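Worksheet: the structure to be examined is printed underneath.
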Amino acid sequence: MQRKLEEKSTHNMASRTANKIVRRQHILTTALKIFNTQGFQNTKITDIIVAANISTASFYKYFSNKRKLFQAILILNIEAEIDHATEHLNSITAIQPQDLLTIFANRTNTDSFSELLYPDIVKEFTGYEHDHTVADFYHAKTEHFWRLLIRKLRQGHFIRPSLSDEALLIYFDVWISYFMDGNKLNKSGQPIIVELLPQITELFLFGMVNVDPELQNVIIERLK
Numbered sequence: 001m002q003r004k005l006e007e008k009s010t011h012n013m014a015s016r017t018a019n020k021i022v023r024r025q026h027i028l029t030t031a032l033k034i035f036n037t038q039g040f041q042n043t044k045i046t047d048i049i050v051a052a053n054i055s056t057a058s059f060y061k062y063f064s065n066k067r068k069l070f071q072a073i074l075i076l077n078i079e080a081e082i083d084h085a086t087e088h089l090n091s092i093t094a095i096q097p098q099d100l101l102t103i104f105a106n107r108t109n110t111d112s113f114s115e116l117l118y119p120d121i122v123k124e125f126t127g128y129e130h131d132h133t134v135a136d137f138y139h140a141k142t143e144h145f146w147r148l149l150i151r152k153l154r155q156g157h158f159i160r161p162s163l164s165d166e167a168l169l170i171y172f173d174v175w176i177s178y179f180m181d182g183n184k185l186n187k188s189g190q191p192i193i194v195e196l197l198p199q200i201t202e203l204f205l206f207g208m209v210n211v212d213p214e215l216q217n218v219i220i221e222r223l224k
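In this text, residue positions in the sequence shown follow full-length UniProt numbering: the first is 1, and each later residue adds one.
In structure tokens, the structure reads:
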């Protein structure tokens, strides 16, 4: 009898946890749809509550405010993107420069976010109002990926021997730090990251990867 009660209690706890995960994801999905249509600034918490068909209490049970909800959306996207890239890297036995195309050129989930959200995304990556939640998560999440990428490329002899792992990690950090400077990412008040991404990717890759000029030109063309 005691065992059955314990099993039932465990099952109920698991069900409650699963339900909480589903409800939280429902709020996130609903909020992103509204943000993409109205923009972050123009969206009210009541808009999300009504669209998600939840109570005010339920909303605040999961998120203390609208910005925390937006940060959660960004963190989920960062996590999914980097996990996907890491899985792809781990699946490659002998890496080739062409493999970087699928890792970098197609790595951003820009389709998930409308242009209305780009200024707010930049704010989160640049530590708006001294809140570095998103930026800190990105740094922590990417460190393992960078080290894995360096190891794979070095095994394939695509990194010049003169470049140490430490130097490359600093190189990565310089790039990330640039993208976390909101003043550099904006032109006339609008983010320029999307329009410059192919050029930035080219500069990033060929500052690190040592390939013959012909193959480099092929990769550059495919990045455009």
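Just so you know, even glycine gets a beta-carbon here, dropped at the ideal spot from N, CA and C. All values derive from a computational prediction rather than experimental measurement.
To the nearest angstrom, how far is the alpha carbon of residue i from that of residue j?
{"i": "I159", "j": "I21", "result": "43 Å"}
{"i": "L74", "j": "E143", "result": "18 Å"}
{"i": "V218", "j": "P97", "result": "10 Å"}
{"i": "S55", "j": "N65", "result": "14 Å"}
{"i": "E115", "j": "I27", "result": "21 Å"}
{"i": "N36", "j": "D131", "result": "23 Å"}
{"i": "K123", "j": "A72", "result": "14 Å"}
{"i": "G189", "j": "L148", "result": "Residue placement at G189 cannot be trusted, given a pLDDT of 48 that sits under 50; what the coordinates show is reported in the next sentence. Their backbone Cα atoms lie some 36 Å apart in a straight line."}
{"i": "D165", "j": "H84", "result": "23 Å"}
{"i": "K44", "j": "A18", "result": "27 Å"}
{"i": "S15", "j": "Y178", "result": "44 Å"}
{"i": "L163", "j": "I150", "result": "10 Å"}
{"i": "residue 225", "j": "N53", "result": "Nothing about residue 225 can be read from this structure; the chain reaches only from 1 to 224."}
{"i": "T126", "j": "F137", "result": "12 Å"}
{"i": "T46", "j": "T29", "result": "15 Å"}
{"i": "V134", "j": "L169", "result": "20 Å"}
{"i": "Q199", "j": "A167", "result": "22 Å"}
{"i": "V174", "j": "P161", "result": "20 Å"}
{"i": "H88", "j": "I95", "result": "10 Å"}
{"i": "Q38", "j": "I49", "result": "15 Å"}
Assuming residue i and residue j make a contact with CB atoms under 8 Å, what is their CB distance in whole Å?
{"i": "L76", "j": "A31", "result": "11 Å between Cβ atoms; not a contact."}
{"i": "R24", "j": "Y62", "result": "5 Å"}
{"i": "A51", "j": "I34", "result": "6 Å"}
Using CA atoms only, rank isn't needed, just tell me which of the options is closest to residue i.
{"i": "I82", "options": "F63, K141, G156", "result": "K141"}
{"i": "I92", "options": "Q199, G39, L169, G156", "result": "G156"}
{"i": "E129", "options": "R67, N90, L169, L117", "result": "R67"}
{"i": "residue 308", "options": "T29, S112, L117", "result": "A question about residue 308 goes unanswered here, because the residues of the chain that appear run from 1 up to 224."}
{"i": "K90", "options": "L153, S112, Q38", "result": "Per the sequence shown, residue 90 should be read as Asn rather than Lys. Of the candidates L153, S112, Q38, the one whose C-alpha sits nearest the C-alpha of N90 is L153."}
{"i": "A80", "options": "P161, S112, V174", "result": "S112"}
Does the beta-carbon distance from residue i to residue j come in below 8 Å?
{"i": "F145", "j": "T86", "result": "yes"}
{"i": "H139", "j": "I78", "result": "no"}
{"i": "D120", "j": "F172", "result": "no"}
Restricting to runs no shorter than 4 residues, where is the alpha helix (DSSP H) found entirely within the stretch 109-171? Annotation: the stretch 109-171 contains the following complete segments of the alpha helix (DSSP H) (minimum length 4 residues), in chain order: 118-125, 133-155.
Exercise. In the UniProt domain "HTH tetR-type" (21-81), which residue ranges form an unbroken alpha helix (DSSP H) of at least 4 residues, counting only runs that do not cross its ends?
Worked result: Counting only runs of 4+ residues, the alpha helix (DSSP H) found wholly inside the UniProt domain "HTH tetR-type" (21-81) occupies 45-52, 56-62, in chain order.
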